[in-house]
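>
In my numbering, the protein residues as written are 712 to 935.
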């Protein structure tokens, strides 16, 4: 019954949206956080202030301007309006300020001696980032991955704006919202659909739980 209602397809659509929308901001934010934490360049303090300011920008206020901008750029390059690319970019834009802020705070607290020793041995910034910073930053990366995954997976507003409420690309939350109106009396379908929506977030959370706790507690206790 669930697959006849299109739940299975919507489930795959949600995975198609959520996984890239979680990975992309992590990759971008990791590079940006390292640069803001350990590299000196003009305008660095101003850039950090702008990122902190973007944390308080309401999602609802920026959603429609972003959609208009995406449609304008997409029409110029011949990209359709209702595509996964749009929602990936939207979630990346909304998640980047928090990701950069969180990762920069963590990376800035890493031991300076390790970085200096690597530079003395001839390591470049890219090698230090890949071989030292990323492995040491895995707890905070996992913490943000949990936050971002849960946010994107449970999102309805951004999905409805960028993908619509009809068609083959509808996500699971939008499909469940549509079933509430069309199959309100079929509680077995609604409850099973709701159960499906919580299975994947639970798996992600419990698989990364130990890193989540370490990421939140990192820096709260300073060793002597």
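Even for Gly, the Cβ is constructed at its ideal location relative to N, Cα and C.
Would you please state the rounded distance, in angstroms, between the beta carbons of residue 890 and residue 901? I believe it to be under 8 Å.
Taking the chain shown and counting its residues from 1, the one referred to as residue 890 is at position 179. Taking the chain shown and counting its residues from 1, the one referred to as residue 901 is at position 190. That belief holds up - the Cβ atoms of residue 890 and residue 901 are roughly 6 Å apart, short of 8 Å.
> Answer with buried or exposed for residue 752, where buried requires no fewer than 16 other C-beta atoms within 10 angstroms of its C-beta.
Numbered from 1 along the chain shown, position 41 holds the residue referred to as residue 752. It counts as exposed.
> How is residue 723 classed by DSSP in three states: helix, strand or coil?
In the chain shown, the residue the question calls residue 723 occupies position 12. Residue 723: helix per DSSP, three-state reduction.
> Find out if the Cβ-Cβ distance for the pair residue 856, residue 737 is shorter than 8 Å.
If you number the chain shown from 1, residue 856 lands on position 145. If you number the chain shown from 1, residue 737 lands on position 26. In this structure, residue 737 lies closer than 8 Å to residue 856 by Cβ.
> How many Å lie between residue 789 and residue 802 at the Cα?
Within the chain shown, residue 789 is the residue found at index 78, counting from 1. Within the chain shown, residue 802 is the residue found at index 91, counting from 1. One C-alpha to the other measures close to 22 Å.
> Just the C-alpha distance for residue 860 and residue 732, rounded to the nearest angstrom, thanks.
As a first step, residue 860 is located in the chain shown; it is residue number 149 there, counting from the start. As a first step, residue 732 is located in the chain shown; it is residue number 21 there, counting from the start. C-alpha separation (whole angstroms): 8 Å.
> What is the C-beta distance between residue 844 and residue 821, in whole angstroms, given that I count them as a contact (C-beta under 8 Å)?
On the chain shown, position 133 is the one that residue 844 refers to. On the chain shown, position 110 is the one that residue 821 refers to. Going by Cβ atoms, the distance from residue 844 to residue 821 rounds to 7 Å, so yes, they are a contact pair.
> Quick one: give me the first and last residue of the alpha helix (DSSP H) that residue 809 is part of.
Sequence index remark: in the chain shown, residue 809 carries index 98 (1-based). Residues 795-818.
> Do residue 911 and residue 798 have their CB atoms nearer than 8 Å?
Translated into positions along the chain shown, residue 911 becomes position 200. Translated into positions along the chain shown, residue 798 becomes position 87. Contact flag unset, no.
> Please work out which residues of its chain come closer than 6 Å, Cβ to Cβ, to residue 875, disregarding the five sequence neighbours upstream and downstream, and give them in chain order.
Position 164 of the chain shown, counted from the first residue, corresponds to residue 875. Within the same chain, residue 875 has close Cβ partners 793.
> Scan the segment 753-801 and note each continuous alpha helix (DSSP H) run of 4 residues or more that stays entirely inside, going in chain order.
Qualifying alpha helix (DSSP H) stretches, in chain order: 755-765 and 770-788.
> Give the DSSP-derived three-state secondary structure of residue 866 in the structure shown.
By 1-based counting over the chain shown, the position of residue 866 is 155. Coil.
> For residue 882, which three-state DSSP category applies?
By one-based count along the chain shown, residue 882 stands at place 171. In this structure, residue 882 counts as coil in the three-state DSSP scheme.
> Over the uninterrupted alpha helix (DSSP H) stretch that includes residue 828, give me the two end residues.
As a working note, residue 828 is residue 117 in the chain shown. Here the alpha helix (DSSP H) through residue 828 covers 823-831.
> Indicate whether residue 783 and residue 791 have their beta-carbon atoms separated by less than 8 Å.
Here residue 783 refers to the residue found at position 72 when the chain shown is read from its first residue. Here residue 791 refers to the residue found at position 80 when the chain shown is read from its first residue. Contact flag unset, no.
> Leaving out the 5 sequence neighbours to the left and right, which residues in its chain are closer than 7 Å to residue 735 when beta-carbon positions are compared?
On the chain shown, position 24 is the one that residue 735 refers to. Excluding sequence neighbours, residue 735 sits near 799 and 803.
> Between which two residues does the alpha helix (DSSP H) carrying residue 839 extend?
As a working mapping, residue 839 is identified with position 128 in the chain shown. Where residue 839 is concerned, the enclosing alpha helix (DSSP H) stretches over 836-839.
> Check whether the Cβ atoms of residue 903 and residue 887 lie closer than 8 Å to each other.
Start at 1 with the first residue of the chain shown, and residue 903 comes out as number 192. Start at 1 with the first residue of the chain shown, and residue 887 comes out as number 176. Contact: no.
> Compute the distance between the beta-carbons of residue 756 and residue 810, then report whether it is under 8 Å.
By 1-based counting over the chain shown, the position of residue 756 is 45. By 1-based counting over the chain shown, the position of residue 810 is 99. Their beta carbons are not under 8 Å apart, which means residue 756 does not touch residue 810 by this criterion.
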